[in-house]
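**Student:** For reference, the structure I am asking about is given below.
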Amino acid sequence: MTTSLGAKMKRHRQEKGYSLDKLAELTDSSKSYIWELENRDARKPSGEKLTRIAQALEVTTDYLLDESAEPGDEVLKEAFFRKFSKLAPDDQVKINQMIDAWGKKD
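Quick note, in our numbering, the sequence shown goes up one by one and the last residue is 268.
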């Protein structure tokens, strides 16, 4: 099944509970630009804009561009790691400690 960039954007935006205005704000775009991306296949965002959209929706740019891709485990892990990498070093240590603690439950 093929899924266009616009359809993926709309689905993930709605799953996150974001309005067009909210996604526009998060990506430094206009509401009308986001609407056009979702509803008109002729629009192609720049690499910078696509990256901002992917980050806001917590997916990868590769996933958004690949019409055959669905958000599998690898896409979600890559999006998580990107968010983790942006955390302050102290917060990364805390997250690692939590993961270690959960791993010792067995």
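We put the beta carbon where it would ideally sit given N, CA and C, even for glycine.
Helix or strand or just coil, what does DSSP make of Glu220?
**Tutor:** As a first step, residue 220 is located in the sequence shown; it is residue number 58 there, counting from the start. Glu220 falls in the coil class under three-state DSSP.
**Student:** Less than 6 Å between C-beta atoms, sequence neighbours within five positions excluded: which residues of the same chain meet that for Thr189?
**Tutor:** Within the sequence shown, residue 189 is the residue found at index 27, counting from 1. Closer than 6 Å at the Cβ level, and outside the excluded window around Thr189, lie Arg214, Ile215 and Ala218.
**Student:** Here's the rule I'm using: 16 or more other beta-carbon atoms within 10 Å means buried, otherwise exposed. How should Met260 be labelled?
**Tutor:** On the sequence shown, position 98 is the one that residue 260 refers to. Answer is exposed; the Cβ neighbour count stays below 16.
**Student:** What number of angstroms, rounded off, separates the C-alpha of Arg173 from the C-alpha of Leu249?
**Tutor:** As a first step, residue 173 must be located in the sequence shown, where it is residue number 11. As a first step, residue 249 must be located in the sequence shown, where it is residue number 87. Whole-angstrom Cα-Cα distance: 27 Å.
**Student:** Return yes when the Cβ of Asp183 is within less than 8 Å of the Cβ of Lys193, no when it is not.
**Tutor:** Counting from one through the sequence shown, the residue named residue 193 turns up at place 31. Counting from one through the sequence shown, the residue named residue 183 turns up at place 21. Contact: yes.
**Student:** Could you compute how far the alpha carbon of Phe246 sits from the alpha carbon of Ile257?
**Tutor:** If you number the sequence shown from 1, residue 246 lands on position 84. If you number the sequence shown from 1, residue 257 lands on position 95. Cα to Cα, the separation comes out at about 9 Å.
**Student:** For a test of the three-state rule: what should DSSP assign to Gly265, helix, strand or coil?
**Tutor:** For this step, residue 265 is matched to residue 103 along the sequence shown. Of the three classes helix, strand and coil, the one that applies to Gly265 here is helix, per DSSP.
**Student:** Name the residue from Leu212, Lys206, Leu226 and Lys266 whose alpha carbon lies nearest to the alpha carbon of Lys170.
**Tutor:** Translated into the one-based positions of the sequence shown, residue 170 becomes position 8. Checked all of Leu212, Lys206, Leu226 and Lys266; the closest Cα to Lys170 is Leu226.
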